[in-house]
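Asks: Starting off with a structure, shown below.
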Amino acid sequence: MNSYRTHHCAELRKSHIGQKVTLSGWVSSRRDHGGLVFVDLRDREGLTQIVLDPHSLPAAHDLRSEFVIRIEGEVVGRPEGTVNLKLSTGEIEIKATQLDVLNRSETPPYPLDEEHVNEDLRLQYRYLDLRRAEMAHNLKLRHRVCKTIRDYLDEQGFLEIETPILFKSTPEGAREYLVPSRANPGLFYALPQSPQQFKQLLMVAGAEKYFQLARCFRDEDLRADRQPEFTQVDLEMSFIEREDIYRLIEGLLQRIWKTSIDHEVKLPLERITFQQAMNSYGTDKPDRRLGMELYDFTETFKASSFKVFASVVAAGGVVKAMNAKGFACATQGQIDHLTEQAKAAGAKGLAWIKAEGGTWKSPIVKFFNDAEKEALTRGLKIEEGDLILFAADQWQPACEVLGKLRLVIAGMLQKMGKLTVPKGVYDFFWVVDFPLIHFDSEAQRYMASHHPFTAPIPEDLSLLEKEPTKVRGQHYDIVLNGVELGGGSIRIHQPEVQKKLFEEVFKIPKEIAETRFGYLIRALGFGAPPHGGIALGLDRLVAILCGAESIRDVIAFPKNARAQDLMTGSPAEVESKQLRELRIQTEIKALAAS
RNA sequence: GGUCGCGUAGCUCAAUUGGUUAGAGCACCGCCCUGUCACGGCGGGGGUUGCGAGUUCGAGCCUCGUCGCGACCGCCA
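Heads up, the first sequence is in the numbering used here, so the first residue is 23 and it goes up one at a time.
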């Protein structure tokens, strides 16, 4: 025990009454009554009320917010009627006999207990922001989760192995951060988007079970749940099948939820196919808590006199609909907004029906016959006050349009108080049987849906040449409350299969495939074991556990939406000497000079 | 790159149809106060309304531009 503290500020209870204690911390608030001063003393763990008598401790009058002080005193019970039930330490207080100001503080630029402060300011003074109880709690919970992950995976026989941060550019995926090499002028490293290739090489190396809390870097535009650097729980195993991954990760999630928030996750988790997810929710990461499933009416409208629907069906498309329960009150403005959203998602327009005032109000209902109306009423369980929305297109675009509207409408209904997402519900499930390959209309070639190392499902292998988009991959995503928590796959371990995909399916020129992935294919040729793995987004996972809106709230020093650190002022210019050493010239300087 | 929203005191916000000297709470400074916990009372300081143009007799408010921040779309194998 050192001279600063005998206890922390959330520790003392009635049972400590009479003890002489020393506490150190920050002045959270001060209530100066002239002849008596109360201070809420805060440290990482919590608050304790200090009572100071300014007659013996005159410095008590000079205390201000965020001063760092040390207090000696006696734990006393609070007088009758002054107990504060909001504080865990609210039954006691410290009668100070000694006050030392360890450090003064500038007036804080914003009140630390204020909820809705400009995020700029919070980020600029992040060290103050992190003093707030909520942020301190988030950091603690994140630590608890990391510790649980390490303990669990250690028990399961995993080795924590670090992989390089200075890696090589592999422009197949996300845009990368580049790092110039002074020793090799004109050449660049790239920061890894993920340790994907290294973890596969570790399997070839016989590591068998690898994991890492891996920092990953992507130079893409940011979102509330996207940072330029973020952390993945990255792992890979040899001699395993998909079922082994499911079992392992389910156990891990169960343990994390138990140790961090004492919530029981029931196992095994449900599995749905990509096909089912799209069909029922129009997305591969559905938030099933919202209800509002999509239904198919292709058969109903096959021969409809409503030509818009009938012609889509004739062209091999589908007619899908969803019931936005209780949203018949949607204003014209809201309908217009939904139509815009639908168009942005690729629809040509938006057909809708309002069940209102005992009748159906809709621009299209006049084309429907009784059988069609009956099918809709039954299939969508239409009741007074409902809003029905349609999408007619090829299967996937039709699903996606309604999937997007479903989320927009859920947001609107929540604002109106007509839809409440239940709290404390954690809807985990696996999404499986993803298509291995999709056709990218922009690049005019087939692309890997996940990444190019994903193994096909063996029975689909024969389709690879003729109908590549029908091949399913041994890929799996774990979804929680509409958030993609992570994903992974069984990898290709035969070099000839990997080569075939690169060169014949993805049409990556031989030389490029060689320089980009040659070492990996070569490694696979030296007895690579069957292997697979998964990566979980740690920031998102912790954010959900904390109930945080943004992953910025669970990262100690995050960047803003422009990828800047407002506290340190990075990124920043560098000395021209540094650039010369790297043999780098920037266009910006040339532009400024001209 | 695009769409939308926001920008007024240190912080959170207000300011009627475009109308006099831009207000309030908290914070800050001074004085008073022995049971507060959002302590209270009295007094005080604090503003280039993000910036720049324009319209107008007159702009925090309208228009254009610009900068900053945020959300979303694109992007994120």
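Beta carbons: idealized from backbone N, C-alpha and C, even for Gly.
Expressed to the nearest angstrom, what Euclidean distance is found between the alpha-carbon atoms of ALA158 and CYS568?
Replies: 11 Å
Asks: For ILE386, tell me which candidate among ASP455, TRP279, LEU372 has the shortest Cα-Cα distance.
Replies: LEU372
Asks: Which same chain residues, not among the five before or five after GLU406, have their C-beta less than 6 Å away from its C-beta?
Replies: ALA377
Asks: What are the start and end residues of the alpha helix (DSSP H) that includes TYR303?
Replies: 296 to 303
Asks: Taking GLU128 as the reference, give the member of LEU150, ASP358, GLU136, LEU507 with the closest Cα.
Replies: LEU150
Asks: Determine, using beta carbons only, whether ILE357 and TRP374 come nearer to each other than 8 Å.
Replies: yes
Asks: What's the call for GLU286, buried or exposed, on a 16-neighbour Cβ count within 10 Å?
Replies: exposed
Asks: Going by Cα to Cα distance, which pick from LEU63, THR476, ILE543, LEU560 is closest to VAL90?
Replies: Ranking LEU63, THR476, ILE543, LEU560 by Cα distance to VAL90 puts LEU63 first.
Asks: Going by Cα to Cα distance, which pick from GLY339, LYS329, MET314 is closest to ALA17?
Replies: Not covered by the structure: residue 17. The range shown for the chain is 23 to 616.
Asks: Is VAL61 closer than 8 Å to LEU45 when the C-beta atoms are compared?
Replies: no
Asks: Measure from the alpha carbon of VAL527 to the alpha carbon of each residue in LYS488, LEU542, GLN496, then state which is nearest.
Replies: LYS488
Asks: Compare the C-alpha of SER78 against each of GLN120, ASP241, ARG197 and name the closest.
Replies: GLN120
Asks: Look up TYR498 in the DSSP assignment and say whether it is helix, strand or coil.
Replies: strand
Asks: Answer yes or no: do PHE189 and PRO202 have a C-beta to C-beta separation smaller than 8 Å?
Replies: no
Asks: Going by C-alpha distance, which of LEU604, ASP142, LEU124, ASN125 is nearest PRO131?
Replies: Of LEU604, ASP142, LEU124, ASN125, the residue nearest in Cα terms is ASP142.
Asks: Hey, out of GLN234, LEU175, LYS42, TYR232, whose CA is closest to ARG27's CA?
Replies: LYS42
Asks: Use the C-beta contact count for THR442: other C-beta atoms within 10 angstroms, 16 or more gives buried, fewer gives exposed.
Replies: exposed
Asks: Quick check: what's the CA-CA separation for ARG310 versus VAL505?
Replies: 11 Å
Asks: For LYS395 and ALA414, what's the separation of their Cα atoms in angstroms?
Replies: 17 Å
Asks: Alpha carbon to alpha carbon, what distance is there between CYS421 and VAL430?
Replies: The C-alpha of VAL430 lies about 14 Å from the C-alpha of CYS421.
Asks: Where DSSP assigns a beta bridge to LEU121, which residues make up the other side?
Replies: ILE93
Asks: What residues in its chain sit with their C-beta under 8 Å from that of ALA612, if we drop five residues either side in the sequence?
Replies: Low confidence applies here, because ALA612 scores a pLDDT of 47, under 50, leaving its location unreliable; read the following figure in that light. Same-chain partners within the cutoff: there are none.
Asks: Taking the continuous alpha helix (DSSP H) assigned at ALA578, which residues delimit it?
Replies: Careful: ALA578 lies outside any alpha helix (DSSP H) and carries neither H nor E.
Asks: Of all the options GLU115, SER302, VAL105, LEU107, which has the alpha carbon lying nearest to the alpha carbon of LEU34?
Replies: GLU115
Asks: What are the complete alpha helix (DSSP H) segments, minimum 4 residues, inside the region 309 to 361?
Replies: 329 to 336
Asks: My output table needs one value for LYS522: the three-state DSSP class, helix, strand or coil.
Replies: helix
Asks: Rounded to the nearest angstrom, what separates LEU257 and HIS83 at their Cα positions?
Replies: 56 Å
Asks: Is it a yes or a no for the region 470 to 489 touching the region 447 to 454, going by three-plus beta-carbon pairs under 8 Å?
Replies: no
Asks: Do LEU200 and PHE239 come within 8 Å of each other at the CB atom, strictly closer than that value?
Replies: Contact flag unset, no.
Asks: By alpha-carbon positions, which one of GLU609, LYS36, ALA570 ends up nearest to ASP247?
Replies: ALA570
Asks: Would you kindly work out how many angstroms separate the C-alpha atoms of GLU251 and LEU107, rounded to a whole number?
Replies: Computed Cα separation, rounded: 41 Å.
Asks: Could you check how far apart the C-beta atoms of LEU274 and LEU560 are, in whole angstroms? I think they sit under 8 Å.
Replies: Not confirmed; about 12 Å, so no contact.
Asks: So LEU63 is in the beta strand (DSSP E); what residue range does that whole segment cover?
Replies: 59 to 65
Asks: Relative to the alpha-carbon of ASP8, which residue among HIS138, GLY380, THR476 has its alpha-carbon at the smallest distance?
Replies: Examination of residue 8 is not possible in this model, given that the chain is present from 23 through 616 alone.
Asks: Kindly indicate which three-state DSSP category PRO641 falls into: helix, strand or coil?
Replies: The structure shown does not extend to residue 641, since the chain is modelled only from 23 to 616, so the question has no answer here.
Asks: From GLN416 to ALA325, what distance separates their C-alpha atoms?
Replies: 17 Å
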